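The block underneath contains the structure these notes are about, expressed in structure tokens.
Residue numbers (the numbering used here): 1 to 397.
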């Protein structure tokens, strides 16, 4: 299973998983996902699901309840003192940073409440127990190094699980902690970087969606032969925006900073899965045409191509529009701060959709995810039940 980034939109994934957990053939057993890969909100959902030792039905229902009861103050501080301190810090950095040679502000919001929430909700030792019992092969959580700019994938799995290093991607075998999940979920600029220990000392990390341009890759390299991916972009809404953009004159007004920030976050959270799926489909065609090896290739090639079965599910509704309808639920002080960035047009209010960690919004997204999964439940059940189990007899448990 691959769970993409998306801030508060992660509630949609919880709704989809809740419906999957009600499938009679899966409900009373462990999670059917032997490999889990996630970034940002997807890392939170994936880690909580992997660490929960209850049945699949109970684990997915518990995850949905966490999102349903979420409040903005449980994710970032919303009090006037904290927000005023941030504004004062920015003013101080702009005025005195060049003189003092250093700055004090690392983010717009204080995300320490999120750290406490994840630590309380992630059962200690749960992932290790799932691996020992054979219910989980590996879980991969991705984050972005603010030192080198590379994508780091932290993997906890069975002994002997694959480890790889690419030019901009690094894998580190670890025992996953809430800090790794918080680092993966640290939305750039909005939430502060998170320090994680490495062999060379502490390194600061941010959102995994920032540099992981191939979100399916960790699952494939860990041996997955079938992938179920949950996105958070409505394809129909994206196509409607494209038609509107091409069919009408451009706006006479320059887009406000809020709209620019929303497009920036879309580029991080939404675009990567679509492009990676296109790439996977091309590789499947190549594998089908040449049996996994292109003409003239040496049969001993280190990474032969293999076909990967993939099924994706994405929102049937535009989650930005849902967020705009519920924007009044955001605490007043935060609304005031965001109003300073300008008011985006009604079809591009994406920034709010990532930050509205409110019960009304998350419940609406859970309902959408549940309905979308229910409409395709037969297809989803057939895919999950027919997915071939990867052969890993050579790996030590």
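From the three backbone atoms N, C-alpha and C, an ideal C-beta is built for every residue, glycine too.
Nothing here was measured: the structure is a model prediction, and the numbers come from that model.
Alpha carbon to alpha carbon, how far is residue 380 from residue 95? 56 angstroms
With a threshold of 7 angstroms on Cβ separation, who are the neighbours of residue 64 within its own chain once the five nearest residues in sequence on each side are excluded? 14, 15, 18, 366
Does the structure place the region 149-166 close enough to the region 119-139 that three or more beta carbon pairs sit under 8 angstroms? yes
Roughly how many angstroms lie between the CA atoms of residue 397 and residue 222, to the nearest whole one? Any answer about residue 397 is weak, because its pLDDT of 25 lies below 50 and its placement is not dependable; what the coordinates show is given next. Taking the straight line from one Cα to the other gives about 15 angstroms.
Range of the contiguous beta strand (DSSP E) that encloses residue 32: Neither: residue 32 is in no beta strand (DSSP E) and is coded neither H nor E.
Who does residue 405 pair with in a DSSP beta bridge? Any answer about residue 405 is impossible in this case: the structure gives the chain only from 1 up to 397.
Distance, Cα to Cα, residue 399 vs residue 91? A question about residue 399 goes unanswered here, because the residues of the chain that appear run from 1 up to 397.
Integer Cβ distance of residue 401 from residue 40, believed to fall under 8 angstroms: Outside the shown range of the chain (1 to 397) lies residue 401, about which nothing can therefore be said.
State the CB to CB distance for the pair residue 398 and residue 86, rounded to an integer number of angstroms; the pair is presumed to be in contact (CB under 8 angstroms). For residue 398 there is no data in the structure shown, the boundaries of the chain being 1 and 397.
For the alpha helix (DSSP H) containing residue 351, list its first residue and its last residue. 350-355
Using three-state DSSP, classify residue 220 as helix, strand or coil. helix
Cα-Cα, which of 75, 25, 262 is closest to residue 115? 75
If distances are taken between C-alpha atoms only, which option among 273, 201, 28, 352 comes closest to residue 314? 273
Apart from the five residues just before and just after residue 360, which ones in its own chain have a Cβ nearer than 8 angstroms to its Cβ? 326, 329
Note down the Cα distance separating residue 216 from residue 373, rounded to an integer number of angstroms. 20 angstroms
Helix, strand or coil for residue 162? Go by DSSP, reduced to three states. coil
Mind checking whether residue 78 and residue 258 have CB atoms under 8 angstroms apart? no
For the beta strand (DSSP E) that contains residue 196, what are its first and last residues? 194-198
Indicate the three-state DSSP secondary structure (helix, strand or coil) for residue 212 in the structure shown. coil
Which residues mark the beginning and the end of the alpha helix (DSSP H) in which residue 202 is found? Here residue 202 belongs to no alpha helix (DSSP H); instead the beta strand (DSSP E) covers 201-206.
With respect to the alpha helix (DSSP H) encompassing residue 98, which residues constitute its N-terminal and C-terminal limits? 80-100
Which of the three DSSP states, helix, strand or coil, is assigned to residue 185? coil
Please name the residue, chosen from 35, 338, 55, 83, that lies closest to residue 23 on a Cα-to-Cα basis. 55
Which of helix, strand or coil DSSP assigns to residue 151: strand
For a test of the three-state rule: what should DSSP assign to residue 311, helix, strand or coil? strand
From the DSSP output, read off the bridge partner residues of residue 145. 205
From the DSSP output, in three-state form, read off residue 316 for me. coil
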